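Asker:
2 protein chains.
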Amino acid sequence: MPAKRTIPTLDDVALAAGVSTATVSRCLNAPERVVKATRDRVLTVVQTLGYTPNFGARAMAARRTSTIGAIIPTMNNAIFARGLQAFQEQLHKRGYTLLVSSTSYRPELEEEQIRALIARGADGLLLIGYERDPAIYDYLATRDVPALIAWANERDRPEPAIGFDNRACMRALAQTVWDYGHRQIGVISATTKGNDRALRRVEGIRDTFLDRGLPPQNLSVVETPYSIKNGGAAFASLMATATPPTVVMCGNDVLAVGAIGRAQAMNLNIPEDVSITGFDDIELARIVMPPLTTVRVPHQKMGRRSADALIDMVETRTATRFAALKAKVKIRASLGKIATVADGKTAQD
Amino acid sequence: MPAKRTIPTLDDVALAAGVSTATVSRCLNAPERVVKATRDRVLTVVQTLGYTPNFGARAMAARRTSTIGAIIPTMNNAIFARGLQAFQEQLHKRGYTLLVSSTSYRPELEEEQIRALIARGADGLLLIGYERDPAIYDYLATRDVPALIAWANERDRPEPAIGFDNRACMRALAQTVWDYGHRQIGVISATTKGNDRALRRVEGIRDTFLDRGLPPQNLSVVETPYSIKNGGAAFASLMATATPPTVVMCGNDVLAVGAIGRAQAMNLNIPEDVSITGFDDIELARIVMPPLTTVRVPHQKMGRRSADALIDMVETRTATRFAALKAKVKIRASLGKIATVADGKTAQD
DNA sequence: TTGTAGGCGTTATCAC
DNA sequence: GTGATAACGCCTACAA
Numbered sequence: 131m132p133a134k135r136t137i138p139t140l141d142d143v144a145l146a147a148g149v150s151t152a153t154v155s156r157c158l159n160a161p162e163r164v165v166k167a168t169r170d171r172v173l174t175v176v177q178t179l180g181y182t183p184n185f186g187a188r189a190m191a192a193r194r195t196s197t198i199g200a201i202i203p204t205m206n207n208a209i210f211a212r213g214l215q216a217f218q219e220q221l222h223k224r225g226y227t228l229l230v231s232s233t234s235y236r237p238e239l240e241e242e243q244i245r246a247l248i249a250r251g252a253d254g255l256l257l258i259g260y261e262r263d264p265a266i267y268d269y270l271a272t273r274d275v276p277a278l279i280a281w282a283n284e285r286d287r288p289e290p291a292i293g294f295d296n297r298a299c300m301r302a303l304a305q306t307v308w309d310y311g312h313r314q315i316g317v318i319s320a321t322t323k324g325n326d327r328a329l330r331r332v333e334g335i336r337d338t339f340l341d342r343g344l345p346p347q348n349l350s351v352v353e354t355p356y357s358i359k360n361g362g363a364a365f366a367s368l369m370a371t372a373t374p375p376t377v378v379m380c381g382n383d384v385l386a387v388g389a390i391g392r393a394q395a396m397n398l399n400i401p402e403d404v405s406i407t408g409f410d411d412i413e414l415a416r417i418v419m420p421p422l423t424t425v426r427v428p429h430q431k432m433g434r435r436s437a438d439a440l441i442d443m444v445e446t447r448t449a450t451r452f453a454a455l456k457a458k459v460k461i462r463a464s465l466g467k468i469a470t471v472a473d474g475k476t477a478q479d
Numbered sequence: 131m132p133a134k135r136t137i138p139t140l141d142d143v144a145l146a147a148g149v150s151t152a153t154v155s156r157c158l159n160a161p162e163r164v165v166k167a168t169r170d171r172v173l174t175v176v177q178t179l180g181y182t183p184n185f186g187a188r189a190m191a192a193r194r195t196s197t198i199g200a201i202i203p204t205m206n207n208a209i210f211a212r213g214l215q216a217f218q219e220q221l222h223k224r225g226y227t228l229l230v231s232s233t234s235y236r237p238e239l240e241e242e243q244i245r246a247l248i249a250r251g252a253d254g255l256l257l258i259g260y261e262r263d264p265a266i267y268d269y270l271a272t273r274d275v276p277a278l279i280a281w282a283n284e285r286d287r288p289e290p291a292i293g294f295d296n297r298a299c300m301r302a303l304a305q306t307v308w309d310y311g312h313r314q315i316g317v318i319s320a321t322t323k324g325n326d327r328a329l330r331r332v333e334g335i336r337d338t339f340l341d342r343g344l345p346p347q348n349l350s351v352v353e354t355p356y357s358i359k360n361g362g363a364a365f366a367s368l369m370a371t372a373t374p375p376t377v378v379m380c381g382n383d384v385l386a387v388g389a390i391g392r393a394q395a396m397n398l399n400i401p402e403d404v405s406i407t408g409f410d411d412i413e414l415a416r417i418v419m420p421p422l423t424t425v426r427v428p429h430q431k432m433g434r435r436s437a438d439a440l441i442d443m444v445e446t447r448t449a450t451r452f453a454a455l456k457a458k459v460k461i462r463a464s465l466g467k468i469a470t471v472a473d474g475k476t477a478q479d
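Residue numbers (my numbering), protein chains in the order written: chain A, 131 to 479; chain B, 131 to 479.
This is the structure in structure tokens:
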């Protein structure tokens, strides 16, 4: 009647199976190098004893962990959730485990978290966006830990990255907005400090409108941390000006949903009184009334590809550059047309 | 010009600081046991070398990791996100790290994940709900890993749990629905197999209505996996019957949002044509039109308390029982009143 | 095909 | 207050 109060180790298994620890280890890590008879015997013992290898010991001896770390700004909303889920599923398929941690959009926390993940033995790292202290890139290099950037992809940066071109995507959406006749533009951006994706999106908006000759004073930008509530407040402040915008372009869907909610509270009709756009195309974008015009980001594909790319980097010790993923403008009811005098039309549509 | 291609270890630090590895270790783990002069010297070296302790080695030597594992059904929606975020923040405050993994609502995956987290050295585990193979509880006991149950709390179960009473909460909501005059009830539940929270919620609904004498045939329940889309489909099937319900009570807000969307697509007015209720009070519940009547779960408090409780269990090796948290019915526009003949009123309100 | 033995980087128990 | 030194559990040459 063995009161198994102790955790079985490789030794216990070896002893019970009448083989050496080396053989047990092989049965687990390279089964083909053990003859079937012994392998079966060993695996049975593993089962009955309920043996599980100790991760720390294994990591130390093998000097790798089959673990990938990811550091994302937040798990609080759907923006990263879908991509992360796909990332983790693909990792799992290829025999890797995911370690997540989040910075709560405080970039200064990222370095500590990178260290923590590396200390935990992460074989590779997924990071969001390009912008971070160069010392971090140095650190990654000295530790020889491959890192892949996601949610962004800029043509002129050398780091391996799987994502879309935030600036070009927003430029495309802004073009649609321009084509719809809007000439008085409000922008609600996430805080751009330490967030290159947010910055690029604002730049994309500027590109389009200023290139087409919009007077700079017709384009007003406010920054605020991502949240539904902040989106609402920023919207109110934009609408409170002498010449309120006919369209408010938001840095992401969460801000846009906040703006829509506030607009309704202010008894403004969308898109008759004001149009609103987002970015990401999270589930909320279709639920909200009216449905949100936004940019559809290929979250799943991005997650899956990132997993494959990062594992390749880890296993082959090489780094490649990747082409940007496509993200398409998705027009829904929250964006309406403005009839310009030149068009000879009568009113908003 | 040292080309530091190697990762610094405790030995390197000890060597450079001219002390023993034991002293370096103490500087890091019990600074008060080292005289200030040496401590400063050592810590400087740690800085300049960029030393980070190796997690695996540390875990092996110290036989603990300051790591807590959590296994949740999904990270895909907001249901667990808020509580988990609070959980992780509180863990962080107390010097612990969180390891998450998700089962995608497939209970049979839980055991493997528990093993994986324990193999990774989790000092304690957070699990959702009570229902699981008894063998799992045995395993946890032999491995001597404390586990805390969250998102549920049943008076007559001995396991330590921090959460609310799903059955009682849903009973309270059902009471409100009853008071509003509804006598033809539709229920959309998550799959109850392997999900005690979902089962208890349905039971809560039955409790209220059957106790008050509602004929069983006036209460129809459909089960479907959690998702907005499935919620919509289930709603359509409930409404397609000969005597469609005047209210559809959903097992959570995600299903309810799906139901609302489908109702709109079917040109049904809420609550005039049919009322809809949810459970959880996630952000979506306030965004959706009309806003959703639901049960407000204290996610943050639950997360925070769970962290404290679990750390206490780990550090003191004791287990206590906890009282259920309160969750309140939150009435919003998606629930309307039915005028009964007895009330002498005229119509729906 | 299988066994032996050294080493991975820490912590903790002792002496000093 | 500080320094040796023995675990900790596993992997992997290398040898048999």
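Positions of the beta carbon are idealized from the N, C-alpha and C atoms, including for glycine.
Because the structure is a prediction, the values reported are computed rather than measured.
1) Just to check my reading of the structure: residue 373 of chain B and residue 364 of chain B have Cβ atoms closer than 8 angstroms, yes? What is that Cβ distance to the nearest angstrom?
2) By DSSP's criteria, residue 268 of chain A is part of a beta bridge. Which residues make up the other side?
3) If we cut at 7 angstroms on Cβ distances, does residue 220 of chain B have a partner in chain A?
4) Mind the definition here: the stretch 389 to 398 of chain B touches the stretch 427 to 443 of chain B only if three or more C-beta pairs lie below 8 angstroms; say whether that holds.
5) Cα-Cα, which of A:136, A:208, A:265 is closest to residue 385 of chain A?
6) What are the boundary residues of the alpha helix (DSSP H) that residue 334 of chain B is part of?
7) Measuring straight from C-alpha to C-alpha, what distance separates residue 369 of chain B and residue 382 of chain A?
8) In chain B, which residues lie with their C-beta within 9 angstroms of the C-beta of residue 358 of chain A?
9) Would you list, in sequence order, the uninterrupted beta strand (DSSP E) runs of no fewer than 3 residues that lie entirely inside the stretch 243 to 297 of chain B?
10) Anything in the stretch 159 to 186 of chain A with a Cβ closer than 8 angstroms to a Cβ of chain B? List those residues in chain order, please.
11) What is the DSSP secondary structure of residue 453 of chain B, counted as helix, strand or coil?
12) Tell me, please, which residues DSSP counts as bridged to residue 353 of chain B.
13) What would DSSP say about residue 179 of chain A, mapped onto helix, strand or coil?
14) May I ask you to verify whether the stretch 214 to 223 of chain A touches the stretch 184 to 203 of chain A, counting CB pairs closer than 8 angstroms and requiring at least 3?
15) Name the residue from A:222, A:225, A:275, A:258 whose alpha carbon lies nearest to the alpha carbon of residue 247 of chain A.
16) Indicate whether residue 290 of chain A and residue 449 of chain A have their beta-carbon atoms separated by less than 7 angstroms.
17) Who are the neighbours of residue 211 of chain A on chain B, taking C-beta pairs under 7 angstroms?
18) What is the residue span of the alpha helix (DSSP H) that residue 446 of chain A lies within?
19) Determine the closest residue to residue 426 of chain A out of A:440, A:285, A:462, A:402, with distance taken between C-alpha atoms.
20) Kindly list, in the order they appear in chain B, the residues whose Cβ is closer than 7 angstroms to that of residue 440 of chain A.
21) According to DSSP, is residue 468 of chain B part of a helix, a strand, or is it coil?
22) Could you confirm whether any beta carbon from chain B is found closer than 7 angstroms to the beta carbon of residue 362 of chain A?
23) Counting only beta-carbon atoms, is residue 190 of chain A nearer than 7 angstroms to chain B?
24) Taking contact to mean at least 3 C-beta pairs separated by less than 8 angstroms, is the stretch 296 to 306 of chain B in contact with the stretch 328 to 342 of chain B?
25) Anyone know if the C-beta pair for residue 338 of chain B and residue 301 of chain B falls short of 7 angstroms?
26) In whole angstroms, what is the alpha-carbon distance linking residue 405 of chain B and residue 432 of chain B?
27) Going along chain B, which residues have a C-beta under 9 angstroms from residue 227 of chain A?
28) Run through chain B and tell me which residues come within less than 8 angstroms of residue 381 of chain A, C-beta to C-beta.
29) Shorter than 7 angstroms from the beta carbon of residue 215 of chain B to some beta carbon of chain A?
30) Take the Cβ of residue 232 of chain B as the centre, count every other Cβ of all protein chains shown within 10 Å, and call the residue buried at 16 or more, exposed below.
31) Is it the case that the Cβ atoms of residue 257 of chain B and residue 277 of chain B are separated by a distance below 7 angstroms?
32) Could you please give me the residues that DSSP links to residue 229 of chain A through a beta bridge?
33) For residue 161 of chain B, I'd like the list of residues in its chain whose CB is within less than 7 angstroms of its CB, leaving aside the five on either flank, ordered along the chain.
34) Let me know the secondary structure DSSP gives residue 139 of chain B once reduced to three states.
35) Could you list which residues in chain B have their beta carbon closer than 9 angstroms to that of residue 260 of chain A, in chain order?
Answerer: So, to answer that:
1) No, residue 373 of chain B and residue 364 of chain B are not in contact; Cβ-Cβ is about 17 angstroms, not under 8 angstroms.
2) Paired residue(s): none; residue 268 of chain A is not in a bridge.
3) Cβ-Cβ to chain A under 7 angstroms: no for residue 220 of chain B.
4) These segments do not touch.
5) Of the candidates A:136, A:208, A:265, the residue whose Cα lies closest to the Cα of residue 385 of chain A is A:208.
6) Residue 334 of chain B -> alpha helix (DSSP H) spans 326 to 341.
7) Approximately 36 angstroms between the Cα atoms of the pair.
8) Close to residue 358 of chain A, with beta-carbon spacing below 9 angstroms, are these residues of chain B in chain order: 413, 416, 417.
9) Segments of the beta strand (DSSP E) lying fully in the stretch 243 to 297 of chain B: 254 to 258, 277 to 280.
10) Going along the stretch 159 to 186 of chain A in chain order, one finds 180, 182, 183, 184, 185, 186 with a Cβ nearer than 8 angstroms to chain B.
11) Assignment of residue 453 of chain B by DSSP, reduced to helix, strand and coil, places it in the coil class.
12) DSSP output for residue 353 of chain B lists B:319 as bridge partner(s).
13) For residue 179 of chain A, the three-state secondary structure derived from DSSP is helix.
14) Yes, the stretch 214 to 223 of chain A is in contact with the stretch 184 to 203 of chain A.
15) When each option's Cα is compared against that of residue 247 of chain A, the closest is A:275.
16) Yes, they are a contact pair.
17) For residue 211 of chain A, the chain B residues whose Cβ falls inside 7 angstroms of its Cβ are 205, 206, in order along the chain.
18) Where residue 446 of chain A is concerned, the enclosing alpha helix (DSSP H) stretches over 429 to 446.
19) Checking every option, the nearest Cα to that of residue 426 of chain A belongs to A:462.
20) Residues of chain B passing the Cβ test: none, with the nearest at roughly 18 angstroms.
21) DSSP places residue 468 of chain B in coil when its eight states are reduced to three.
22) Taking 7 angstroms as the CB threshold, residue 362 of chain A stays off the interface with chain B.
23) The beta carbon of residue 190 of chain A falls within 7 angstroms of a beta carbon belonging to chain B, placing the residue at that interface.
24) The stretch 296 to 306 of chain B vs the stretch 328 to 342 of chain B: in contact.
25) Result yes, Cβ atoms of residue 338 of chain B and residue 301 of chain B sit closer than 7 angstroms.
26) Cα to Cα, the separation comes out at about 29 angstroms.
27) Within 9 angstroms Cβ-Cβ: 231, 246, 250.
28) Near residue 381 of chain A there are no residues of chain B at all, since even the closest Cβ is about 18 angstroms away, more than 8 angstroms.
29) At least one C-beta of chain A is nearer than 7 angstroms to the C-beta of residue 215 of chain B.
30) So residue 232 of chain B counts as buried.
31) Cβ distance < 7 angstroms, so residue 257 of chain B and residue 277 of chain B count as in contact.
32) As DSSP reads the structure, residue 229 of chain A sits in a beta bridge with A:199.
33) These residues qualify, in order along the chain: 169.
34) Coil.
35) Chain-order list of chain B residues neighbouring residue 260 of chain A: empty, with the shortest C-beta distance near 22 angstroms, by a criterion of under 9 angstroms.
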